[in-house]
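K.L.:
This is the structure I have questions about; it appears just below.
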């Protein structure tokens, strides 16, 4: 016996393939019965059965590949793998043939002469994942889903993977990966799609769609997927939220009425939006000169706050500005905006108070006094209130500091609850405050002396006609 080879081309072969193996002798031989050649084919070794060649120097043994067989380089088991199996191999003089084979893998062996791969294992899906980062995605986003197999596969046609995307499930076409163990399916999110944790539709979601998925020896891939949500599934591997629904618009925006700084807008506040799928990620704030533009400040992320005061502006006095608020969810969907009633700049102080009268001497007791003043005006935001201070010297406020006298917009009232010292002189000051909280220039009175005078009130009597501060 001189060599073992095969007429089958080098390559891979699957179950059902017949591989002819030629055993060449040094001379012509004749065969009786059915000799066999035992092959190394994995867990179960297979016998190649004598097929033809009697009367020549080359005998052919046919090996039919069976399910479960495996070999990276087909060869016989050992030097004694060729057996008569109750048959005979003899030369013309009836000498029995020498059956010892070259060592497996050595010169003259099947393994050295040929490169025959036996592969009967079908590719199976081992996992499904995505190279997209965990997060929320809106309509128009492309999410690539990877289906990983146990071995490299080749694809023909356009297989599909069905994803669970709410009311309408989506068929996702094969995109790339043929020749590797990972196939990509590109899913474009469409309007109306929704998922709190994207996954495929079922264990049968992968289908050929008239194409093929096969390994290098054309074993068809097993397309069964693991149960959605379990280990190895897309939903288990990734946290992909599909959200194509915009958040609700923020509630009413309170943007103030006036500001006294050309650089600062009044603090605006609003009610929260809702988003049931991916949640509100942040609010955006803008300012325009109408309810439909953002001419002063374009849309700006202000986080998840429900109030914001903007600085660094360049406001024009008298112009009406509108604060606009909208919500953005985690997928980037943007709500309708809500617009405030508008605010204006007033950085001009109220007109001056022309006179303040606190009396030459007290007409009352050391616990109260009456102060009157000439009401003034403000050309933009109007007078909001007057404030009164009382001191022991002109312009002072050491007796009490500036206090709100909102109830006394008519220009005067009685201050009670004092502890003044008889024989001392006191001085009242009054200032106006407008709707933008600009403070007018204080107007000082001449002061009055605490003392007793006998007039119509009667000595030692006091009558308070109005409590300026409501106490």
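Residue numbers (this note's numbering): 1057 to 1527. Where is the CB? At the ideal position from N, CA and C, for every residue including glycine.
Quick one: Cα of residue 1429 to Cα of residue 1477, how far?
P.N.:
In the chain shown, counting from the first residue as 1, residue 1429 sits at position 373. In the chain shown, counting from the first residue as 1, residue 1477 sits at position 421. Residue 1429 and residue 1477: Cα-Cα distance of roughly 24 Å.
K.L.:
Using a Cβ distance threshold of 8 Å, determine whether the region 1150–1169 contacts the region 1252–1272, with at least three qualifying pairs required.
P.N.:
These segments do not touch.
K.L.:
Between which two residues does the beta strand (DSSP E) holding residue 1484 run?
P.N.:
As a first step, residue 1484 is located in the chain shown; it is residue number 428 there, counting from the start. Run containing residue 1484: 1481–1490, per the beta strand (DSSP E) assignment.
K.L.:
My guess is that residue 1383 and residue 1339 are in contact by the Cβ rule of under 8 Å, so how many angstroms apart are they, rounded?
P.N.:
Numbered from its first residue, the chain shown carries residue 1383 at position 327. Numbered from its first residue, the chain shown carries residue 1339 at position 283. Going by Cβ atoms, the distance from residue 1383 to residue 1339 rounds to 6 Å, so yes, they are a contact pair.
K.L.:
Got a sec, what are the start and stop residues for the beta strand (DSSP E) residue 1293 sits in?
P.N.:
Locating residue 1293 in the chain shown gives position 237, where the first residue counts as 1. Note, residue 1293: premise wrong, no beta strand (DSSP E); alpha helix (DSSP H) at 1290–1293.
K.L.:
Return the first residue and the last residue of the beta strand (DSSP E) that residue 1167 is part of.
P.N.:
Translated into the one-based positions of the chain shown, residue 1167 becomes position 111. No beta strand (DSSP E) holds residue 1167; the alpha helix (DSSP H) holding it covers 1166–1169.
K.L.:
Rounded to whole angstroms, what's the CA-CA distance from residue 1304 to residue 1332? Just pull it up for me.
P.N.:
By 1-based counting over the chain shown, the position of residue 1304 is 248. By 1-based counting over the chain shown, the position of residue 1332 is 276. Answer to the nearest angstrom: the Cα atoms are 10 Å apart.
K.L.:
State the DSSP-derived secondary structure class of residue 1373, mapped to helix, strand or coil.
P.N.:
For the purposes of this step, residue 1373 is taken as residue 317 along the chain shown, with counting starting at 1. Reduced to three states, the DSSP call for residue 1373 is strand.
K.L.:
To the nearest angstrom, how far is it from the Cα of residue 1128 to the Cα of residue 1122?
P.N.:
Sequence index remark: in the chain shown, residue 1128 carries index 72 (1-based). Sequence index remark: in the chain shown, residue 1122 carries index 66 (1-based). Near 15 Å, if we compare the C-alpha coordinates of residue 1122 and residue 1128.
K.L.:
Distance check for residue 1498 and residue 1480, CA to CA, integer angstroms please.
P.N.:
Numbered from its first residue, the chain shown carries residue 1480 at position 424. Numbered from its first residue, the chain shown carries residue 1498 at position 442. Cα to Cα, the separation comes out at about 22 Å.
K.L.:
When the distance is taken between beta carbons, is residue 1381 closer than 8 Å to residue 1326?
P.N.:
Position 270 of the chain shown, counting from 1, holds the residue named residue 1326. Position 325 of the chain shown, counting from 1, holds the residue named residue 1381. For residue 1326 and residue 1381, yes; Cβs fall inside 8 Å.
K.L.:
Would you mind reading off the limits of the beta strand (DSSP E) that contains residue 1183?
P.N.:
Locating residue 1183 in the chain shown gives position 127, counting from the first residue. Looking at the DSSP string, the run of the beta strand (DSSP E) that includes residue 1183 is 1181–1186.
K.L.:
Report yes if the CB atom of residue 1278 is closer than 8 Å to the CB atom of residue 1180, and no otherwise.
P.N.:
Along the chain shown, one-based indexing puts residue 1278 at 222. Along the chain shown, one-based indexing puts residue 1180 at 124. Yes, these two residues count as a Cβ contact at 8 Å.
K.L.:
Alpha carbons only, please: which of 1482, 1401 and 1396 is nearest the one belonging to residue 1414?
P.N.:
Indexing the chain shown from 1 puts residue 1414 at position 358. Per the Cα distances, 1482.
K.L.:
Have a look at 1291, 1459 and 1292 and flag the residue whose alpha-carbon is nearest the alpha-carbon of residue 1444.
P.N.:
Taking the chain shown and counting its residues from 1, one reaches residue 1444 at position 388. Comparing Cα-Cα distances from residue 1444 to each of 1291, 1459 and 1292, the minimum goes to 1459.
K.L.:
Might you give, ordered along the chain, the residues of its own chain that have their beta carbon closer than 6 Å to the beta carbon of residue 1496, omitting 5 neighbours on each side?
P.N.:
Your numbering for residue 1496 matches position 440 in the chain shown. Only 1405, 1406, 1487 and 1488 meet the Cβ criterion.
K.L.:
Starting from residue 1458, trace the beta strand (DSSP E) in both directions and tell me its first and last residue.
P.N.:
Looking up residue 1458 in the chain shown gives position 402. Looking at the DSSP string, the run of the beta strand (DSSP E) that includes residue 1458 is 1456–1460.
K.L.:
Evaluate contact between the region 1179–1199 and the region 1068–1084, counting only Cβ atoms and requiring at least three cross-stretch pairs below 8 Å.
P.N.:
With the cut-off at 8 Å, the region 1179–1199 and the region 1068–1084 do not touch.
K.L.:
Which one of 1252, 1175 and 1156 has the shortest CA to CA distance from residue 1067?
P.N.:
Taking the chain shown and counting its residues from 1, one reaches residue 1067 at position 11. With distances taken between Cα atoms, residue 1067 lies closest to 1175.
K.L.:
Once you ignore the five residues that flank residue 1396 on each side, which residues in its own chain have a CB closer than 7 Å to its CB?
P.N.:
Sequence index remark: in the chain shown, residue 1396 carries index 340 (1-based). Only 1309, 1310, 1311, 1324, 1378 and 1379 meet the Cβ criterion.
K.L.:
Considering residue 1316, what are the terminal residues of the beta strand (DSSP E) in which it resides?
P.N.:
For the purposes of this step, residue 1316 is taken as residue 260 along the chain shown, with counting starting at 1. Neither: residue 1316 is in no beta strand (DSSP E) and is coded neither H nor E.
K.L.:
Take residue 1088 as the anchor and find which of 1223, 1107 and 1494 has the nearest alpha-carbon.
P.N.:
Here the question's residue 1088 lines up with position 32 in the chain shown. When only C-alpha atoms are compared, the closest one is 1107.
K.L.:
Do three or more CB pairs link the region 1209–1225 to the region 1247–1260 at distances below 8 Å?
P.N.:
In short, these stretches touch, since the Cβ pair count reaches three.
K.L.:
With a Cβ-Cβ cutoff of 8 Å, do residue 1214 and residue 1229 count as a contact?
P.N.:
Residue mapping note: residue 1214 aligns to position 158 of the chain shown, counting from 1. Residue mapping note: residue 1229 aligns to position 173 of the chain shown, counting from 1. Yes, the pair counts as a contact, with Cβ atoms nearer than the cut-off.
K.L.:
Would residue 1153 be called buried (16 or more neighbouring beta carbons within 10 Å of its own) or exposed?
P.N.:
Translated into the one-based positions of the chain shown, residue 1153 becomes position 97. By the neighbour-count rule (16 or more Cβ atoms within 10 Å), residue 1153 is buried.
K.L.:
Determine the DSSP secondary structure at residue 1340, reduced to helix, strand or coil.
P.N.:
In the chain shown, counting from the first residue as 1, residue 1340 sits at position 284. Note: residue 1340 maps to strand in three-state DSSP.
K.L.:
I need the straight-line Cα distance from residue 1285 to residue 1206, nearest angstrom please.
P.N.:
Looking up residue 1285 in the chain shown gives position 229. Looking up residue 1206 in the chain shown gives position 150. About 20 Å.
K.L.:
Using CA coordinates, which residue listed in 1387, 1366 and 1267 is at the minimum distance from residue 1299?
P.N.:
For the purposes of this step, residue 1299 is identified with residue 243 of the chain shown, where counting begins at 1. When each option's Cα is compared against that of residue 1299, the closest is 1387.
K.L.:
In this structure, does DSSP put residue 1433 in helix, strand or coil?
P.N.:
On the chain shown, residue 1433 is found 377 positions in, with the first residue counted as 1. DSSP places residue 1433 in coil when its eight states are reduced to three.
K.L.:
Helix, strand or coil for residue 1506? Go by DSSP, reduced to three states.
P.N.:
Taking the first residue of the chain shown as position 1, residue 1506 is located at position 450. Of the three classes helix, strand and coil, the one that applies to residue 1506 here is coil, per DSSP.
K.L.:
What residue from 1454, 1492 and 1468 has the CA that sits closest to residue 1475's CA?
P.N.:
Against the chain shown, residue 1475 aligns to sequence position 419. Taking only the C-alpha atoms, the option nearest residue 1475 is 1454.
K.L.:
At the level of alpha carbons, what is the spacing between residue 1372 and residue 1320?
P.N.:
Residue mapping note: residue 1372 aligns to position 316 of the chain shown, counting from 1. Residue mapping note: residue 1320 aligns to position 264 of the chain shown, counting from 1. Rounded to the nearest angstrom, the two C-alpha atoms are 11 Å apart.
K.L.:
Under three-state DSSP, which class holds residue 1355?
P.N.:
Locating residue 1355 in the chain shown gives position 299, where the first residue counts as 1. Strand at residue 1355.
K.L.:
Check residue 1410 in the structure and name its three-state DSSP category.
P.N.:
Taking the first residue of the chain shown as 1, we reach residue 1410 at position 354. Of the three classes helix, strand and coil, the one that applies to residue 1410 here is coil, per DSSP.
K.L.:
Verify whether the separation of the beta carbon atoms of residue 1550 and residue 1342 is less than 8 Å.
P.N.:
As displayed, the chain neither begins before 1057 nor continues past 1527, which places residue 1550 out of reach and without an answer.
K.L.:
Name the two residues that bound the continuous beta strand (DSSP E) containing residue 1270.
P.N.:
The sequence position of residue 1270 within the chain shown is 214, counting from 1. Residues 1268–1270.
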